[in-house]
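So the protein sequences, as listed, match chains Z and C. Residue numbering for the first sequence follows our numbering, starting at 5 and increasing by one per position. Residue numbering for the second sequence follows our numbering, starting at 1226 and increasing by one per position. Written out below as structure tokens is the structure these notes cover.
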Amino acid sequence: MSFMDSIAAGLSLVGNVESFLALFVGVAIGTIGGAIPGMSATMAVALTLPFTFAMQPITGILLLLGVYKGGIFGGSIPAILIKTPGTPASSATILDGYPMAEKGEAGRALGMALWASCTADVISNLSLILFAGWLASFALSFGPPEFFTLILFSLTIIAGVSGTSLLRGALSALLGLLLATIGLDLVYGTNRFTFGDPNMMGGLNFIAVLIGLFAIPEILAMVWNPTAHVGTARSLGNNRVTFADYRRCFKSIVRGSFIGVFLGSIPGIGAAPSAFLSYSEARRTSKNRENFGKGEVEGVAASEAGNNGVAGATLIPLLALGVPGDVITAIIIGAFMIHGLQPGPMMFILNVDIIYGLFIGLIVSSFFLFIVGTVAIRGFKYVADIPKRILIPAVLVLCIYGVFAVNNNIFDVGVMFAMGWVGYLMVRYQVPAAPFLIAFILGPLLEDNFRQSMLMSGSDPLILFRGPITWFFWFLTVLTVIAIVRAGVRAVRGIPLGGGP
Amino acid sequence: MTERQVQLRLGIGAIIAAVFLTLVAIPQWISSPSNVQRIVLSPLFWPYALSAFTFLAGLGLVFGGLRMTDSGEPVDAPSDDPRAAWMRLAGMAVIMVLAMFLMPRLGMVLTCMLIFVATAFLVRTRHPKTALICAVIVPLVLYAFFAHVAGVAIPQGNFMRLP
Chain Z
5 MSFMDSIAAG LSLVGNVESF LALFVGVAIG TIGGAIPGMS ATMAVALTLP FTFAMQPITG
65 ILLLLGVYKG GIFGGSIPAI LIKTPGTPAS SATILDGYPM AEKGEAGRAL GMALWASCTA
125 DVISNLSLIL FAGWLASFAL SFGPPEFFTL ILFSLTIIAG VSGTSLLRGA LSALLGLLLA
185 TIGLDLVYGT NRFTFGDPNM MGGLNFIAVL IGLFAIPEIL AMVWNPTAHV GTARSLGNNR
245 VTFADYRRCF KSIVRGSFIG VFLGSIPGIG AAPSAFLSYS EARRTSKNRE NFGKGEVEGV
305 AASEAGNNGV AGATLIPLLA LGVPGDVITA IIIGAFMIHG LQPGPMMFIL NVDIIYGLFI
365 GLIVSSFFLF IVGTVAIRGF KYVADIPKRI LIPAVLVLCI YGVFAVNNNI FDVGVMFAMG
425 WVGYLMVRYQ VPAAPFLIAF ILGPLLEDNF RQSMLMSGSD PLILFRGPIT WFFWFLTVLT
485 VIAIVRAGVR AVRGIPLGGG P
Chain C
1226 MTERQVQLRL GIGAIIAAVF LTLVAIPQWI SSPSNVQRIV LSPLFWPYAL SAFTFLAGLG
1286 LVFGGLRMTD SGEPVDAPSD DPRAAWMRLA GMAVIMVLAM FLMPRLGMVL TCMLIFVATA
1346 FLVRTRHPKT ALICAVIVPL VLYAFFAHVA GVAIPQGNFM RLP
């Protein structure tokens, strides 16, 4: 199928009101969800997921992608107006956004955040379109040993960079892998930790685990401290962003977008490190570097470009390799699976219409983000006024309905509650939840590819080193471990990275 | 809890979990055919391997914790009154257990109404009337969507039948 044929196939799938409406609604929900302190883009995507069950696959996935895009931008609104990032990715935006708000330039900061976000979003989406197909065609030659080493590398980097220490990340990933062993054995069909309960034989429901891990701990945190997330919103002020501001920051926006694309395409890194790296690069090279941290509009532009540049790029490993790069794409992979689709290289052959439909939808989402963002900036005070102590019980009820709807099974609601307490303990003990969830999703795939490799080779482990691709991933895995351990040791000793004592 | 205590508790917990899995859970709750010719293909291999890595991660955490200097700075989430906070958490656990018990009997809609009210009052809402109104409306709206749009068979319970 030629490129034009693929685009035509995609267009025929999404060229209807329903798809674009879902995308628009998704961007709006995401922006509101991201803007509410105490919620997050992750939670918004997780809570929207159950509503996609009754939709066509493309419509449901576009809705979730809209929530994702909107959520990442939405997080910058409370970051600037009340010094509370709506999502972790917006933490860097506070550095200059809030000082600007204090100076009465909140409207200008938010306007620049929106323009930078939309520009980065477009660049990120174009990168996705350019690289995902290429990577997928390359991945078609992967066999079980290559997939095993790829997943191992992904889990290593996710475990290493998600939290404060590699060991805590590794522990989280190991617990996720152990949880994924529940159910019938993949080869022999014997019971593993099922306790004779038929509900456990298919393994724990993925949606119940993810909503339990990412929504319920927020509710429990609210129960622990009901007066958290209370802040006073600054007014927008009279200053608005101008085209001259945008032109002055353009270089930082483009640089930040490419930093986001690069870091986003590596599984596990996520938007927050990208935003900080983009910010520090802008500060290093800017003529106004002395103003950074005191309310410099270029700082807002750089950090927002950094975090939004990730949004499209995280879909590169998801669509091309079937490996979710962060928690939100892990939820989106769940939507694919619920609709009977398996992201990965074969999807570029079997479901090319869906792939190109998503590409078209993503390009349009940047335009929708601009419209919704402009309205959201003005309407934030209404969002900030939603009483959190009414919102949280509503979220709990929504979680119960959503999880039940997956399999029409109350058992899944129990799994969600149990995982909620596990997630809350992980928060309290500072164990990152992202490696747990991604390991839980990739666990069966990792084990399956390992056992297939062993079957292929007659149990000779050397098959896991059979060619340049496996060697490449082993090399990256070892390099990642060394880099993370070195960084950890330096952090403990108080030595700056890349420098002597 | 200080950072050092967190690290040590995690490490010790991981070691205990690994030992429990290796000595009790895996032998008891995983069945394997007796004719498995190669150990790496056995249903037991993967869980044992993961337990071994968990044990190593636990050792690493304990070792790291012992080397760590204790700053004495607590890492817990702040709360005005920790005792009341623990009581609220216990209350939330009770609400969840009761929800599981009541859902098949009262149905999902009624149970969710009760959960909403209980949770709103547990977090000491300043808008009790709004909470009560939302407690009725939110479960009903969700019921309407999931039952009539998504086609999900929402449990109705023994006391109330919704269209």
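Positions of the beta carbon are idealized from the N, C-alpha and C atoms, including for glycine.
Proximity test, Cβ basis, 8 Å: residue i and chain C
i      : result
Z/I336 : no
Z/F444 : no
Z/P505 : Low per-residue confidence applies at Z/P505: pLDDT is 34, beneath 50, and the placement is therefore not dependable, though the value from the model is reported in the following sentence. Taking Cβ atoms only, chain C never reaches closer than 8 Å to Z/P505, which makes this a no.
Z/Y250 : no
Z/N412 : yes
Z/T52  : no
Z/V227 : yes
Z/G418 : yes
Z/F421 : yes
Z/E451 : yes
Z/I394 : yes
Z/A174 : yes
Z/V482 : no
Z/I404 : yes
Z/S463 : yes
Assigned secondary structure, residue i (DSSP; H/G/I helix, E/B strand, else coil)
i       : result
Z/L15   : helix
Z/P505  : Only weak support is given to the placement of Z/P505: the predicted model assigns it a pLDDT of 34, under 50, and the question is left unresolved by the model.
Z/G74   : helix
Z/I220  : helix
C/R1308 : helix
Z/P500  : Legend: pLDDT at Z/P500 = 47, less than 50; position of this residue unreliable, value from coordinates given subsequently. Coil.
Z/R196  : strand
C/T1355 : helix
Z/M43   : strand
Z/L188  : strand
C/T1227 : strand
Beta-carbon spacing of residue i, residue j below 8 Å
i       : j       : result
Z/L51   : Z/V493  : no
Z/G38   : Z/G79   : yes
Z/S95   : Z/G316  : no
Z/I127  : Z/G74   : no
Z/L99   : Z/F384  : no
C/G1297 : C/L1331 : no
Z/L53   : Z/G406  : yes
Z/Y428  : Z/P221  : yes
Z/I337  : Z/L322  : yes
C/A1345 : Z/R393  : yes
Z/Q346  : Z/F340  : yes
C/T1279 : Z/L450  : no
Z/P439  : Z/L144  : no
Z/L224  : Z/L183  : no
Z/L217  : Z/L446  : no
Z/M116  : Z/D201  : no
Z/A83   : Z/T97   : yes
C/L1347 : Z/L459  : no
Residue-chain proximity (residue i, chain Z), Cβ-Cβ < 8 Å
i       : result
C/I1237 : no
C/L1339 : no
C/P1252 : no
C/V1244 : no
C/H1352 : yes
C/S1296 : no
C/I1240 : no
C/A1310 : yes
C/A1256 : Here the sequence assigns Ser to residue 1256 of chain C, which means Ala is not the residue at that position. Yes, contact with chain Z.
C/V1377 : yes
Other residues of its chain near residue i: CB distance less than 6 Å, five sequence neighbours each side excluded
i      : result
Z/N453 : P148, F151 and F152
Z/A275 : A93, N311 and V314
Z/I133 : F363
Z/L154 : F477
Z/L139 : A324
Z/V3   : The structure shown does not extend to residue 3 of chain Z, since chain Z is modelled only from 5 through 505, so no value can be given for it.
Cutoff 7 Å; reference residue i; Cβ partners in own chain excluding five residues on either side
i       : result
Z/C122  : S370, L373 and F374
Z/V31   : G70, K73, G74, S369, F372, L373 and V376
Z/G504  : Because the pLDDT of Z/G504 is 38, which lies under 50, any placement of that residue in the model is unreliable, and the question is left without a value.
C/L1286 : Q1232, L1235, G1236 and A1239
C/L1357 : V1342
C/L1269 : I1251, I1255 and S1257
Close beta carbons around residue i, own chain, < 8 Å, minus the five adjacent residues each side
i      : result
Z/P500 : Caution is warranted here: a pLDDT of 47 is assigned to Z/P500, below 50, making its placement in the model unreliable, and no coordinate value can be reported.
Residues within the segment 194-225 of chain Z neighbouring chain C, beta-carbon criterion of under 7 Å: T194, N195, R196, F197, F199, L224 and A225
Under 7 Å (Cβ pairs) to chain Z, residues found in the segment 1358-1374 of chain C: C1359, V1363, P1364, L1367, F1371 and V1374
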